[in-house]
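K.L.:
The structure follows.
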């Protein structure tokens, strides 16, 4: 399991009405061997309602049909299914949607440090771009998104 921000992140959702559904989903998902699972949105931020949906990004080393993942969910889930490689590229290219998930989301599960590698890549990319949270959203200091030097994937 991840360390560091994991403890503070866990406090945001573990006492939510959705916590049981999240744990059960993760248990059922393990047979598909995801590389990483991120919780994002209101449950990750801690500003959820009793009726909030569960926003998850589930990453695999290979393409996995959405239905294979979705059928394991019980409750109000919004699940994005992607390959780890695609999200790695998007993070390194400075895609704001994925940067936000990596920077503000909760890493719930990972294999072999793959989730933490994405979080660290997002931090590096955000620093290089001047990407930061403001009271009205996100901003970056470069005039256009620039691609940091791409490294080999870990």
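In full-length UniProt numbering, the protein residues as written are 1 to 154.
Glycine is no exception: its CB is placed at the ideal position from the N, C-alpha and C atoms.
Rounding to the nearest angstrom, what Cα-Cα distance links residue 121 and residue 36 in this structure?
P.N.:
Here residue 121 is taken as the residue at index 121 of the chain shown, counted from 1. Here residue 36 is taken as the residue at index 36 of the chain shown, counted from 1. Rounded to whole angstroms, residue 121 to residue 36 spans 14 Å at the Cα level.
K.L.:
So the candidates are 60, 39, 50, 31; which of them puts its Cα closest to the Cα of residue 9?
P.N.:
The count along the chain shown starts at 1 and reaches residue 9 at position 9. Of the candidates 60, 39, 50, 31, the one whose C-alpha sits nearest the C-alpha of residue 9 is 39.
K.L.:
Quick check: the Cα distance between residue 41 and residue 54, rounded to an integer number of angstroms?
P.N.:
Sequence index remark: in the chain shown, residue 41 carries index 41 (1-based). Sequence index remark: in the chain shown, residue 54 carries index 54 (1-based). If I take the Cα positions, the gap works out to 8 Å.
K.L.:
Would you mind reading off the limits of the beta strand (DSSP E) that contains residue 36?
P.N.:
By 1-based counting over the chain shown, the position of residue 36 is 36. Taken as a continuous stretch (DSSP letters only), the beta strand (DSSP E) holding residue 36 covers 36-40.
K.L.:
Within the same chain, show all residues whose beta-carbon is closer than 7 Å to that of residue 178, passing over the 5 residues directly before and after it, in chain order.
P.N.:
Examination of residue 178 is not possible in this model, given that the chain is present from 1 through 154 alone.
K.L.:
Count the other CB atoms within 10 Å of the CB of residue 75; is the residue buried (16 or more) or exposed (fewer)?
P.N.:
Sequence index remark: in the chain shown, residue 75 carries index 75 (1-based). Looking at its Cβ environment, which holds fewer than 16 other Cβ atoms inside 10 Å, residue 75 is exposed.
K.L.:
Using 8 Å as the Cβ pair cut-off and three pairs as the minimum, do the segment 105-123 and the segment 24-35 touch?
P.N.:
Segments in contact, yes.
K.L.:
Would you mind giving the Cβ-Cβ distance between residue 83 and residue 60, rounded to the nearest angstrom? I have them listed as a contact below 8 Å.
P.N.:
The sequence position of residue 83 within the chain shown is 83, counting from 1. The sequence position of residue 60 within the chain shown is 60, counting from 1. Yes, residue 83 and residue 60 are in contact; Cβ-Cβ is about 6 Å, under 8 Å.
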